[in-house]
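Sequence positions in the sequence shown follow my numbering and run 132 to 557.
Yeah, the Cβ is synthetic: ideal placement off N, Cα and C, and Gly gets one too.
Being a predicted model, the structure only gives us computed values, none of them experimental.
To keep things clear, I will list the structure first and then write my remarks on it.
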Amino acid sequence: MNEISPAANTALEGLYKSGDALCTQCEAEGFRHITWYLDRPDVLARFTTKIIADKTQYPFLLSNGNRVAQGELENGRHWVQWQDPFPKPCYLFALVAGDFDVLRDTFTTRSGREVALELYVDRGNLDRAPWAMTSLKNSMKWDEERFGLEYDLDIYMIVAVDFFNMGAMENKGLNIFNSKYVLARTDTATDKDYLDIERVIGHEYFHNWTGNRVTCRDWFQLSLKEGLTVFRDQEFSSDLGSRAVNRISNVRTMRGLQFAEDASPMAHPIRPDMVIEMNNFYTLTVYEKGAEVIRMIHTLLGEANFQKGMQLYFERHDGSAATCDDFVQAMEDASNVDLSHFRRWYSQSGTPILTVRDDYNPSTEQYTLTISQRTPATPDQAEKQPLHIPFALELYDNEESDPATKKAAPGEFRTQRHPSRADVCL
């Protein structure tokens, strides 16, 4: 028996009160505020949760997995039992109790299974929920078509609450969101609001495989799930919208915000080496730069080999806690591309600076491009090593035509009155 006071929990970690509802936030180390447990991401277990509460005050009792039993008790109380058949770390545990309006729908997976979809919002906000439901169904369909990943439970639930430290949380089968990323109506929301809802709904759904089915061995590996899932939500937004507009937005975030973090006293690799407070790991470097590292792997391997690497990653690590090295190894083994030098991206902080010089000899029609790199020292690392960087190169003649590449020698591209095109890896 363990007693806690959710109403007195103003840190919003563990089980706490949000308005008239009760909800949880357990990532990174919130579950220890609920009960005694080995609160580590590499400790996985199958959870069965029975919730008992006053039916008038808390008509909806939600937790992870599938609803397996429910019943009535005396004195106006009721109970619901949930069972999650998939092993998970305790940071993915969720519990919600409250009174909500509910938007319901279904999604039929590619294997023919019908999944119940339920979106819980505060009373009176139901008219602001349909776009979130549409975004969820689009996410489920896209993950099947692009990555071949199908949802695995009988029900998928999203709860929108006003008091929430994170933007959203990917608890298995029961996502908890800040209302900002769920509620929208055309007369009050902007285009950006709608795009943000679509992106965040997708991000948390995509965690079902990249984060939940395969989780992190320890919090130093956070970019394993977050960098990869940000890359996936960026691809989702690009496939459903404008790839160019989304890419410009991503690069603006990197140049305007993440580069500044990389140049600051807070500079750290996407896989940090040390920590004082776990919640300080949730940075632009781990998320956004982590996604760019995944994107470079995708560039080096190509879509087909990248997808082979993803499938091998799931085959090896489904139902377990993995590391960033495990992911890179799966990509390497599936593609036969040597990524040993590329691994430095995970351990080296800072932003590399490229210097590009070119020279064209008209008599020999030889164009020479010389590229060098350096990474300025950061407070955590004085010495820097050269990084493996894919570098896209495209040459045009005066007519701006674009015939096939003609490579003269490593590092040299001969035009012979024709442009050349190649991808160069530094």
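Checklist entry - Taking C-alpha atoms, which residue in 326, 512 and 381 lies nearest to residue 395? => result 512
Item to check | Cross-strand partners of residue 576 (DSSP beta bridge) | outcome: With the chain running from 132 to 557 in the structure shown, residue 576 is simply not present.
Item to check | Residues that DSSP places opposite residue 236 in a beta bridge | outcome: 248
Next on the checklist: For residue 548, count the other beta carbons within 10 Å of its own beta carbon; 16 or more makes it buried, fewer makes it exposed. Which is it?
Outcome noted: Unreliable placement is indicated for residue 548, whose pLDDT of 47 sits below 50; no coordinate value is reported for it.
Next on the checklist: At 3 residues or longer, what runs of the beta strand (DSSP E) sit wholly inside the stretch 319 to 389?
Outcome noted: Complete beta strand (DSSP E) runs here, min 3: 345 to 347.
Checklist entry - To the nearest angstrom, how far is it from the Cα of residue 534 to the Cα of residue 329? => result For residue 534, the predicted structure reports a pLDDT of 47, less than 50, and the residue's modelled location is therefore unreliable. The matter cannot be settled from this model.
Checklist entry - Which residues in the same chain have their Cβ closer than 6 angstroms to the Cβ of residue 482, if we skip the five residues on either side of it in sequence? => result 390 and 393
Next on the checklist: Taking the straight line between their C-alpha atoms, what separation do you get for residue 143 and residue 293?
Outcome noted: Between the alpha carbons of residue 143 and residue 293 lies a gap of roughly 12 angstroms.
Checklist entry - Can you tell me whether DSSP reads residue 479 as helix, strand or coil? => result coil
Checklist entry - Going along the chain, which residues of its own chain have a beta-carbon closer than 7 angstroms to the beta-carbon of residue 491, five neighbours each way excluded? => result Answer for residue 491: 498, listed in chain order.
Checklist entry - Is residue 167 helix, strand or coil when you go by DSSP? => result coil
Checklist entry - Among residues of its own chain, excluding the 5 on either side of residue 484, which ones have a beta-carbon nearer than 6 angstroms to its beta-carbon? => result Its chain contains 505 as the residues whose beta carbon lies nearer than 6 angstroms to that of residue 484, once the 5 sequence neighbours on both sides are disregarded; these appear in chain order.
Item to check | N-terminal and C-terminal residue of the alpha helix (DSSP H) that residue 306 is part of | outcome: Run containing residue 306: none in the alpha helix (DSSP H); it sits in the beta strand (DSSP E), 305 to 309.
Checklist entry - Three-state secondary structure (DSSP) at residue 534? => result Below a pLDDT of 50, predicted positions are generally treated as unreliable, and residue 534, at 47, falls in that range; no measurement from the model is reported.
Checklist entry - When we look at the beta-carbon of residue 470 and count the other beta-carbons within 10 Å, is it buried (16 or more) or exposed? => result Within a 10 Å sphere around the beta-carbon of residue 470 sit 16 or more other beta-carbons, which makes this residue buried.
Checklist entry - What does residue 256 pair with, by DSSP beta-bridge criteria? => result BP columns for residue 256 are empty, so no partner.
Checklist entry - Where DSSP assigns a beta bridge to residue 154, which residues make up the other side? => result 147
Checklist entry - DSSP state of residue 418, grouped into three classes? => result Helix at residue 418.
Checklist entry - Does the stretch 334 to 351 come close enough to the stretch 370 to 381 to have 3 or more Cβ pairs within less than 8 angstroms? => result The stretch 334 to 351 is not in contact with the stretch 370 to 381.
Item to check | Identified DSSP bridge partners for residue 491 | outcome: 498
Checklist entry - On the three-pair Cβ rule with 8 angstroms, is the stretch 170 to 184 touching the stretch 212 to 229? => result yes
Next on the checklist: Between which residues of its own chain and residue 400 is the CB-CB distance below 7 angstroms, once the five residues before and five after are set aside?
Outcome noted: 477, 478, 479 and 480
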